[in-house]
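Residue numbers (full-length UniProt numbering): 1 to 770.
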């Protein structure tokens, strides 16, 4: 802990009494002030072990001293919503650092909103921070929204609790939803999926795909056999902000009952829509805008929707056929995108716009349009269950993985029962054991449990702080919000030209990228980068450890600092001397070693003691050596690739982003597209501290746009597998009729630099994200 600015030596006084252990932190140089120099104080109940009370009293005072100055700044700025975030806080079950800091802030700033990040999202520091900030920013609106839900219930004289469905299809209490509104962001599509499964429960008991065709978009998701939506694997994206809170894996397309149909220059449907004005603007309701619902009624006049006579002669038979094919293809395309296996899957169509969908779809083993499908979302809300998740890291040194998993599962069962589930209905629906790389005997366990709501308990609507606020209606609130948006319209981000964009560095510094041939032969070139566990890297933000490792290396070997630095892109480097620096003054310098194997063993052992994440500085090389064996132009090539991907996104050319990347790398002679498809399976295993695995990719057309019948462009069929260990080792074609691969099945090996990219945005997909 650092001493607060302006303070010198401080004194701590502790009195262990029969009832309480009292502690005080004071500045003896300020004893003449009115506060007598008392900086912090704390009372802790005395236990039979005085060490506990002393430790708690001392810790609370030190915590208070660190947090109080920031509270003063927050009060001066008039900030009322605060986020507390700590490294690895989601798995902090002992120190409870976020909660302790939150308690101090609430005591110093009465009435403020404090959000602990561990309550919002899981591991991933920046993503969790984004989610927590967003959650804190909307708390006032969330309370008004929850109150608007409760008011009609109370006006009807119903003294019952109001629950909110959350993203995974389970319920939150109104009080918890007003504290964590981010958990209900995607509850609409989830409700539809759960409601659809309820409507066909007597006909299906397997994984199914739900297509919710509404009045603005079509939302598509997978409902697993356990009755809950498939969740996004790693990260979720909200308006370009990356977060990692639980969110269903939903694909939305601009197709719905109100999609506008155009017949000039070829037939097209959407993506723009009349939305909620369908009953006013659609032709069958007397409007003047031709919509997808109009075309459905034209093709099926027996449908009891609007006035079928109004839509006669709006389209020729040929145009109507093209419209139906367009809609059919769009639905088949998104279904194929969401599937994770080549087999056909049952598809359930729900929502008010489900009438526009055909009765048969490619990739669907059967298409269901159940009765009451137009209100499937409300049905889903009515049958929502209770859930709980336990996400923690445990040691497997003295226990087997299965034993640890059983312990975590039992904790998750108790947690869901406390949340209101009926114990006899509780089930474990998800169990994961994720070995942590480079960390001996440590595994991350994630267990999710669900259960039916225990209706035998009498639940009375609780009072919440939001129930006694300003009772303005939501319509007035929305109007005020629109007024604020108009006033703040000039503050939008400035658009910039990607092709000419060059970032400005703070403090006028310059990072110069030079060609290898411009290096003098006697130049000293430093080598290094980051080293350690990817799991730690997502939580521990980088500091100055890379620079400090370089500085300490040259101090240790009595050499001047290198005037150039290159990363790990060199084809080879000398293993000693080297330096590892954690960023907290823990430094390891190895000037020499008996063998290369000894270097790896020693560094790996030290790495676990240094937090499993360090800055690495390796032995410098000369300019002559660099020009002889370094991989040239990697920095400028990386910049060109990134610029090309950004341009493809902006110009809506993501469908050809792979070809764009290859063009930036030198064209067809420098690289090629090996395969296009979708990941249908991933297997992982831990051996000697390393994660090995295989990724299966089924060939598919990954383009988003409508592809006309007879299109002969390149299409990949079959399946390949990519074995990996930190990097992609090979790309091998799989033949189902034989077990062994032949030489001609090798599409590429590790030296070819195999890269997997996301077809939807051009981003690289690393092995931890498969």
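Ideal placement from N, C-alpha and C gives every residue a C-beta, glycine not left out.
Bear in mind that the values here come from a model prediction, so they are computed numbers and not experimental data.
Return helix, strand or coil for residue 645, following the three-state DSSP convention.
-> Look at residue 645 here: in three-state DSSP terms it is helix.
In chain order, which continuous runs of the beta strand (DSSP E) of length 3 or greater are located wholly inside the region 610 to 689?
-> Taken in chain order, the complete beta strand (DSSP E) segments of 3 or more residues contained in the region 610 to 689 are 613 to 622 and 677 to 687.
Inside the region 99 to 130 only - alpha helix (DSSP H) runs reaching at least 4 residues = The alpha helix (DSSP H) runs of length 4 or more contained entirely in the region 99 to 130 do not exist; there are none.
Cβ pair residue 617, residue 579 closer than 8 Å | Yes, the pair counts as a contact, with Cβ atoms nearer than the cut-off.
Would you tell me roughly how many angstroms separate the C-alpha atoms of residue 590 and residue 613, rounded to the nearest one?
-> Rounded to whole angstroms, residue 590 to residue 613 spans 17 Å at the Cα level.
Residues near residue 541 by beta carbon distance below 7 Å, same chain, minus five either side | Answer for residue 541: 125, listed in chain order.
In the DSSP assignment, what are the bridge partners of residue 698?
-> The beta-bridge partner set that DSSP reports for residue 698 consists of 678 and 719.
Please go through the same chain and pick out, in chain order, the residues whose beta-carbon is closer than 8 Å to the beta-carbon of residue 106, but skip the five residues on each side of it.
-> Excluding positions up to five away in sequence, the list reads 112 and 114.
Whose C-alpha, out of 339, 263 and 352, is nearest the C-alpha of residue 315?
-> Ranking the options by Cα distance to residue 315, first place goes to 263.
Tell me where the alpha helix (DSSP H) around residue 547 begins and ends.
-> For residue 547, the enclosing alpha helix (DSSP H) starts and ends at 545 to 556.
With burial defined as no fewer than 16 other Cβ atoms inside 10 Å of the residue's Cβ, what is the status of residue 753: buried or exposed?
-> By the 16-neighbour rule on beta-carbons within 10 angstroms, residue 753 is exposed.
So, is residue 470 buried or exposed, given that buried needs 16 or more other C-beta atoms within 10 angstroms?
-> The pLDDT assigned to residue 470 is 49, lower than 50, so where the model puts this residue is not dependable; a value taken from the coordinates is nonetheless given after this. By the neighbour-count definition (other C-beta atoms within 10 Å, threshold 16), residue 470 is an exposed residue.
Does DSSP classify residue 87 as helix, strand or coil?
-> Of the three classes helix, strand and coil, the one that applies to residue 87 here is coil, per DSSP.
Evaluate contact between the region 389 to 407 and the region 366 to 374, counting only Cβ atoms and requiring at least three cross-stretch pairs below 8 Å.
-> No, the region 389 to 407 is not in contact with the region 366 to 374.
If you count every other CB in all the chains shown that lies within 10 Å of the CB of residue 201, and 16 or more means buried, which is it?
-> Burial state of residue 201 is exposed, judged by a 10 Å Cβ sphere holding fewer than 16 other Cβ atoms.
Using the rule of at least 16 other Cβ atoms within 10 Å of the residue's Cβ for burial, across every protein chain shown, is residue 466 buried or exposed?
-> Residue placement at residue 466 cannot be trusted, given a pLDDT of 49 that sits under 50; what the coordinates show is reported in the next sentence. When all chains shown are included, residue 466 counts as buried.
Quick one: using the 10 Å Cβ neighbour count with 16 as the cut-off for buried, is residue 629 buried or exposed?
-> Exposed, since its Cβ has fewer than 16 Cβ neighbours within 10 Å.
Since residue 245 is in the alpha helix (DSSP H), which residue starts that stretch and which ends it?
-> No residue range can be given for residue 245, since it is assigned to no alpha helix (DSSP H) and is classified by DSSP as neither H nor E.
Residue(s) in a DSSP beta bridge with residue 241 = Answer is 238, bridged to residue 241.
Check the C-beta distance from residue 95 over to residue 180 and give it rounded, since I have them as a contact under 8 Å.
-> Not confirmed; about 22 Å, so no contact.
Are the region 211 to 223 and the region 251 to 260 in contact at 8 Å, needing three or more beta carbon pairs?
-> Contact between the region 211 to 223 and the region 251 to 260 is present, because at least three Cβ pairs lie under 8 Å.
Within 10 angstroms of the Cβ of residue 545, are there 16 or more other Cβ atoms? Answer buried if so, exposed if not.
-> Buried is the call here.
Would you mind sorting residue 552 into buried or exposed? The rule is 16 or more other CB atoms within 10 Å of its CB.
-> Residue environment: residue 552 is assigned as buried (16 or more neighbouring CB atoms within 10 Å of its CB, all protein chains considered).
Completely contained beta strand (DSSP E) runs for the region 264 to 326, where each covers 3 or more residues = Within the region 264 to 326, complete beta strand (DSSP E) segments of at least 3 residues are found at 268 to 273, given in chain order.
For residue 615, does the count of other Cβ atoms within 10 angstroms reach 16, so buried, or fall short, so exposed?
-> Buried, because 16 or more other Cβ atoms sit within 10 Å of the Cβ of residue 615.
Using 10 angstroms around the beta-carbon of residue 600, count the other beta-carbons present and answer buried if the total reaches 16, otherwise exposed.
-> Exposed.
Assign residue 176 to one of three DSSP states: helix, strand, or coil.
-> Correct three-state label for residue 176: helix.
Segment contact, 8 Å Cβ cut-off, at least three pairs: the region 413 to 425 with the region 379 to 396 | The answer is yes - the region 379 to 396 touches the region 413 to 425, with three or more Cβ pairs under 8 Å.
Residue from 683, 640 and 651 with nearest C-alpha to residue 662 | Residue nearest to residue 662 within the set 683, 640 and 651 is 640 (criterion: CA-CA distance).
Where does residue 198 sit, in a helix, a strand or coil, going by DSSP?
-> Assignment of residue 198 by DSSP, reduced to helix, strand and coil, places it in the helix class.
Compute the beta-carbon to beta-carbon distance between residue 682 and residue 693, rounded to the nearest angstrom, for a pair I have assumed lies under 8 Å.
-> Sure, about 6 Å apart at Cβ, within 8 Å.
Compute the minimum distance between the beta carbon of residue 336 and the heavy atoms of the ligand NAP, and state whether it is under 7 Å.
-> In the structure on display, the ligand NAP does not appear, and there are no ligands present to speak of.
Candidates 442, 274 and 227: closest to residue 433 by CA position | The closest CA to that of residue 433, considering only 442, 274 and 227, is found on 442.
Which class does residue 363 belong to by DSSP, given the choice of helix, strand or coil?
-> Correct three-state label for residue 363: coil.
For the region 348 to 422, which segments carrying the beta strand (DSSP E) assignment without a break, of at least 3 residues, lie completely within its bounds, in sequence order?
-> Segments of the beta strand (DSSP E) lying fully in the region 348 to 422: 364 to 368 and 386 to 395.
Check whether the region 315 to 329 touches the region 228 to 242, counting contact only when three or more Cβ pairs, one atom from each stretch, lie closer than 8 Å.
-> Touching, no.
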